[in-house]
Amino acid sequence: MEQILSRYGYIAADHRQREESMTSEFKRLQLAIERVKGKELEGMSFSDLISLESQLNDSLLSVKDQKTILLNQVERSRLQEKRTLEENQLLRKQIESMVGRGSSGPQVEPESSSSDENDKEDHHSDTSFAAGERETS
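Okay, here's the thing in structure tokens:
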């Protein structure tokens with residue numbers, strides 16, 4: 000029984016020590032966050048303030064670099080969209096000219112971007128499909 004109690008006392012002391020260590024680390028990190036936000040600067044030495052300023056400048060440069068990268072990606076995407084739209088328009092004109100000439104090649108009708116036009120048309124087919132085994136008489 001004494002072994003159990005002594006082991007419990009040892010474990011409880013270890014937990015208290017870890018809890019105190021984590022609590023002090025938590026308070027230190029909270030203070031660091033407040034200082035980065037520009038609060039709780041009282042009591043900081045001049046060299047600590049310079050170090051904090053340097054960290055903030057580095058962070059700002061990193062954010063600006065990321066912004067530049069994202070803006071470049073957006074610009075590339077816009078240019079790609081423009082090229083794709085121009086190519087699409089060129090292909091539509093080619094299809095229209097092929098249909099207008101009555102070309103003997105494969106005729107492709109451009110798809111309409113409006114679903115209302117397709118809804119107004121009757122789509123009937125004389126073709127049927129049956130699945131399963133065919134019965135023979």
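Every letter in the sequence shown is one number past the one before it in numbering that gives the first Met the number 0, and letter 13, counting from 1, is 12.
The beta carbon of each residue, even a glycine, is placed where N, CA and C say it ideally should be.
Item to check | Backbone CA spacing between residue 91 and residue 77 [nearest angstrom] | outcome: 21 Å
Next on the checklist: For residue 39 and residue 33, which I take to be in contact (beta-carbon distance under 8 Å), what is that distance rounded to the nearest angstrom?
Outcome noted: Right, the Cβ-Cβ distance comes to about 4 Å (below 8 Å), so this counts as a contact.
Checklist entry - Can you give the Cα-Cα distance for residue 114 and residue 93, rounded to whole angstroms? => result Here residue 114 scores only 48 on pLDDT, less than 50, and its place in the model should not be relied on; the value that follows carries that caveat. Per the coordinates, the alpha-carbon of residue 114 lies some 23 Å from the alpha-carbon of residue 93.
Next on the checklist: Quick check: what's the CA-CA separation for residue 80 versus residue 64?
Outcome noted: Distance between residue 80 and residue 64, taken at the CA atoms: about 24 Å.
Checklist entry - Just curious, the alpha helix (DSSP H) that residue 85 is in, first and last residue? => result 45 to 100
Checklist entry - Distance, Cα to Cα, residue 15 vs residue 54? => result Approximately 34 Å between the Cα atoms of the pair.
Item to check | Reduced DSSP category for residue 138 - H, G, I as helix; E, B as strand; rest coil | outcome: The first residue shown for the chain is 0 and the last is 136, placing residue 138 beyond what the model contains.
Item to check | Residues near residue 35 in its chain [Cβ-Cβ closer than 8 Å; skip 5 each side] | outcome: 51, 54 and 55
Next on the checklist: I need the straight-line Cα distance from residue 59 to residue 46, nearest angstrom please.
Outcome noted: 20 Å
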